Structure formats: C-alpha cells, structure tokens
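S.K.: For the record, in the sequence shown the residue sitting at position 67 is 67 according to this note's numbering, with numbers rising by one throughout. The beta-carbon is built from N, C-alpha and C at its ideal position, and this holds for glycine as well. Note that the coordinates shown come from a computational prediction; the quantities given were computed from them, not determined experimentally.
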Amino acid sequence: MRKQIVAGNWKMNCTIEEGQKLTSEVVQLVQDEVQNEAEVIFVPPFIHLISLNERLPFKDQVLIGAQNCHQNESGAFTGEISASMIKSCGGSHVIIGHSERREYFGESDALLAEKVNTVLKNELTPIFCCGERLESREINTQEAVVGEQVRNALFHLTPEEISKVVIAYEPVWAIGTGKTASAEQAQEMHAFIRQAIAEKYSTDVADSISILYGGSVKPENAKEIFSKPDVDGGLIGGASLKSRDFVDIVKAFD
Ligand code: 13P
C-alpha cells in the first residue's frame, strides 16, 4: 500500500502568530475529525519549523517539511538553508522543484537533481514537483515535458533511492488559478509518470511511490481527484491556509 499524503504548502504566507494559530487549529481538527491515516504535512516558510515542531502532538501522522533547500551541505551561501538545518528543526520533507522556484529563481533540472541528492543524503524525503505550462497542454506535449523533468532530476537515482521520493504533479496552469485539472487529466499524468518509473526501474518500485496532485485542490474537488487509482494525495497551496478547508481535504480520504 502506498502512503496517502496531504501536504500544505503555505508558500510565502503567515507571520509566526498566524502560523501558530493555523497549526493549532489544523492539529485539533485532525485529532477530532479525521478517520483515515493519511499523512498530513505542514510545509511552512523556514522560520516556522521550530514552533510548528513543538505543536505536533502525534508525530507519526502529522509531519513538517520545508519548501526548498540549498544543494550544498553548508558554507558561504548567504540567505540559504541547508537540508541538515531543516532536519535539526524536526523537518522530514523538502519540496524540490516547485514551479515557482523553477520560474522565479531559475532552478534547472540539473540543479534539482543535486538538491534531490542532498535531501536524500540527509535522510529527508524530497517532494519532487513536476508539471507543464499551459502552452504545452495546449499543444498536447505535457507528457513529453513532465517525462523529461522526471527523468532529468530523478533517473540517476538507485531503485532504493527513488523509492524514497514523493512526486507531486502540479500543472502550472492550475496553480493558484482556480482551474483544476480534471480528475481524469490528473490520473492520466500520474499513470504516465508511474509507467515511466516502471520502465526505468520496475513495477514494484513504481507502485511504491506516492504521486500527489497539486493545483487548485479544494474540499469540493479533493474527493474526486483522490479517488483516482494513481493519485495518492495532494499538495495544497491556497486551501492549506484555511484550517477548515485543509482538514476537509484530508477528510476526503475518509
Ligand atoms: P494552489 O492550491 O493555491 O493552486 O497551489 C498549488 C501549489 O502550488 C502547491 O504547491
């Protein structure tokens, strides 16, 4: 059985006070209402990691992660954060290659491959993001684009290593736009990614990897998207900033 995961990417939102309030509310609602065992991962800005870690009463179901890290272990990289620092704050996951990092910070597939290596070396779980832009979807080249992103950043890994990666398919045109991919479009791409992994590695490896969908997931559409056989959960942006909505998305697995 693959892990079901709902991760909330807060992006650049929340002061410490706002983050603490949101976390306490989510934790309470998860404890009171959630019937399933899906992993819930908070992915706040770095400054929140320590205070969030102190607010997690049941650490096996609720975890924390970071939105990025540097590819080097340490050193003179002003303004950057390393994987070991994230780990020392109680983080277990790191998002790598979010489309906003690719677009606004020029992160290339080659750089992302290095970051994946560093995250794995520090015994953290990369949540590797891939996804096509609208132009690709319009000319039906989405599989070629996503296939290349996955191959370039992950296919140098050993079977043991890639089995530890979580993949998030986030079509760029669906992020923050209110335009969700249909459940069928999500399933189609997830199955394609899994098939590519099966061909390179094995069916066993491909079947062990959780693939999350991200892009305008809301309580109203989560159940349908998560019901697809190759969709193992979601990477949630805007709706993760509202405790009620975020927990209702987690409850889509009930
Ligand atoms: P939205 O849920 O706001 O569309 O963002 C998705 C996302 O980018 C999560 O990483």
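1. Helix or strand or just coil, what does DSSP make of Asn-9?
2. Quick check on Met-12: buried or exposed, where buried means 16 or more other Cβ atoms within 10 Å of its Cβ?
3. Should Thr-118 and Gln-187 be called a contact, given that it needs their Cβ atoms to be closer than 8 angstroms?
4. Tell me whether Lys-216 counts as near ligand 1, meaning its Cβ is closer than 7 angstroms to at least one heavy atom of that ligand.
5. Among Thr-203, Leu-124, Phe-246 and Ala-174, which has the Cα closest to the Cα of Glu-100?
6. What are the uninterrupted segments assigned as alpha helix (DSSP H) that are 4 or more residues long and contained completely in the region 6–57, given in chain order?
7. Output needed for Lys-251: all residues of its chain with C-beta closer than 7 angstroms, excluding positions within five of it in sequence on either side, in chain order.
8. Report buried or exposed for Gln-28, applying the criterion of at least 16 other Cβ atoms within 10 angstroms of its Cβ.
9. Thinking C-beta only, is Ser-82 closer than 8 angstroms to Ser-74?
10. What residue does the alpha helix (DSSP H) around Ile-197 start on, and which one ends it?
11. How would you write the range of the alpha helix (DSSP H) that Ile-236 sits in, first residue to last?
12. Determine the closest residue to Tyr-169 out of Asn-122, Thr-23 and Ile-96, with distance taken between C-alpha atoms.
13. Rounded to whole angstroms, what is the Cα-Cα separation between Ser-84 and Ile-5?
14. Report, in whole angstroms, the separation of the C-beta atoms of Asn-53 and Gly-90, which I expect to be a contact under 8 angstroms.
15. From this set, Leu-56, Pro-45, Glu-220 and Pro-171, which residue's C-alpha is nearest Asn-140's C-alpha?
16. DSSP three-state label for Ala-168, please.
17. Quick one: Cα of Ala-183 to Cα of Ser-88, how far?
M.R.: By the coordinates alone:
1. Against the sequence shown, residue 9 aligns to sequence position 9. Note: Asn-9 maps to strand in three-state DSSP.
2. The residue given as residue 12 occupies position 12 in the sequence shown. Exposed, because fewer than 16 other Cβ atoms sit within 10 Å of the Cβ of Met-12.
3. What you label residue 118 is simply residue 118 of the sequence shown in a count that begins at 1. What you label residue 187 is simply residue 187 of the sequence shown in a count that begins at 1. Between Thr-118 and Gln-187, the C-beta spacing is not below 8 angstroms.
4. As a working mapping, residue 216 is identified with position 216 in the sequence shown. Per the sequence shown, the amino acid found at residue 216 is Ser instead of Lys. Yes, Cβ of Ser-216 sits closer than 7 angstroms to a heavy atom of ligand 1.
5. Against the sequence shown, residue 100 aligns to sequence position 100. Comparing alpha-carbon positions, the option among Thr-203, Leu-124, Phe-246 and Ala-174 lying closest to Glu-100 turns out to be Ala-174.
6. For the region 6–57, whole alpha helix (DSSP H) runs of length 4 or above, ordered along the chain, are 16–33 and 49–53.
7. The sequence position of residue 251 within the sequence shown is 251, counting from 1. Cβ within range, chain order: Glu-33 and Val-34.
8. Against the sequence shown, residue 28 aligns to sequence position 28. Exposed, because fewer than 16 other Cβ atoms sit within 10 Å of the Cβ of Gln-28.
9. Within the sequence shown, numbered from 1, the residue matching residue 74 stands at position 74. Within the sequence shown, numbered from 1, the residue matching residue 82 stands at position 82. In this structure, Ser-82 lies closer than 8 angstroms to Ser-74 by Cβ.
10. In the sequence shown, counting from the first residue as 1, residue 197 sits at position 197. Ile-197 -> alpha helix (DSSP H) spans 183–200.
11. Mapped onto the sequence shown, residue 236 falls at position 236. Counted as a single uninterrupted DSSP element, the stretch harbouring Ile-236 is not any alpha helix (DSSP H) but the beta strand (DSSP E) occupying residues 233–236.
12. For this step, residue 169 is matched to residue 169 along the sequence shown. Taking only the C-alpha atoms, the option nearest Tyr-169 is Ile-96.
13. On the sequence shown, residue 84 is found 84 positions in, with the first residue counted as 1. On the sequence shown, residue 5 is found 5 positions in, with the first residue counted as 1. Rounded to whole angstroms, Ser-84 to Ile-5 spans 23 angstroms at the Cα level.
14. Taking the sequence shown and counting its residues from 1, one reaches residue 53 at position 53. Taking the sequence shown and counting its residues from 1, one reaches residue 90 at position 90. The Cβ separation is near 3 angstroms, so the contact holds.
15. Here residue 140 refers to the residue found at position 140 when the sequence shown is read from its first residue. Closest option to Asn-140, Cα to Cα, is Pro-171.
16. Counting from 1 along the sequence shown, the entry for residue 168 is found at position 168. Ala-168: strand per DSSP, three-state reduction.
17. Sequence index remark: in the sequence shown, residue 183 carries index 183 (1-based). Sequence index remark: in the sequence shown, residue 88 carries index 88 (1-based). Linking Ala-183 to Ser-88 through their CA atoms gives a straight-line distance of about 38 angstroms.
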